[in-house]
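*Asks:* Got a structure here, written out as structure tokens. Questions coming.
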Amino acid sequence: MTITLEISTKNYSDDSFNIKKALSHMETLTGGYNGYVFSEPTENFGWTFFKIAFKPELHNGIVEKFDDMLSKYRSSTQEEKFAEFMKDYFASKNCDVKIKVA
């Protein structure tokens, strides 16, 4: 399954670099390489918006490896749980972003 997350940030250059670094680390942990695609960013009212599409190999690897952590989120759908997990993961890597399922 492919999942796309919409990311909102006020500091695109730093946050996009940190997100790419964090996703590279996640790819190493899960064995899913070239597992995501960034969209072109758009700016509006001081915020920058872009999307990250996770390919099935990376998405499934994250879900399998971190299933115990994902199950603790109280969202109603698996996609929302994944988005909340990734928000917390990016926050732990110094990314101040808002995330929602696209």
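Under numbering that gives the first Met the number 0, read the sequence shown as residues 0 to 101, first letter to last. Beta carbons: idealized from backbone N, C-alpha and C, even for Gly.
Over what stretch of residues does the beta strand (DSSP E) that includes A52 continue unbroken?
*Replies:* W46 to F53 is the span of the beta strand (DSSP E), which, as asked, contains A52.
*Asks:* Counting Cβ pairs, one atom from each stretch, are 3 or more of them under 8 Å apart for the stretch 11-22 and the stretch 37-49?
*Replies:* The answer is yes - the stretch 37-49 touches the stretch 11-22, with three or more Cβ pairs under 8 Å.
*Asks:* For T29, I'd like the list of residues in its chain whose CB is within less than 7 Å of its CB, leaving aside the five on either flank, ordered along the chain.
*Replies:* Once the five neighbours on either side are set aside, the close Cβ partners of T29 are L57, G60, I61 and K64.
*Asks:* Assuming the contact rule is C-beta atoms closer than 8 Å, C94 and I2 should be a hit. Round their C-beta distance to whole Å, please.
*Replies:* With 8 Å as the limit, C94 and I2 do not qualify as a contact, their Cβ atoms being about 18 Å apart.
*Asks:* Measuring only the C-alpha atoms, how far is R73 from K99?
*Replies:* About 15 Å.
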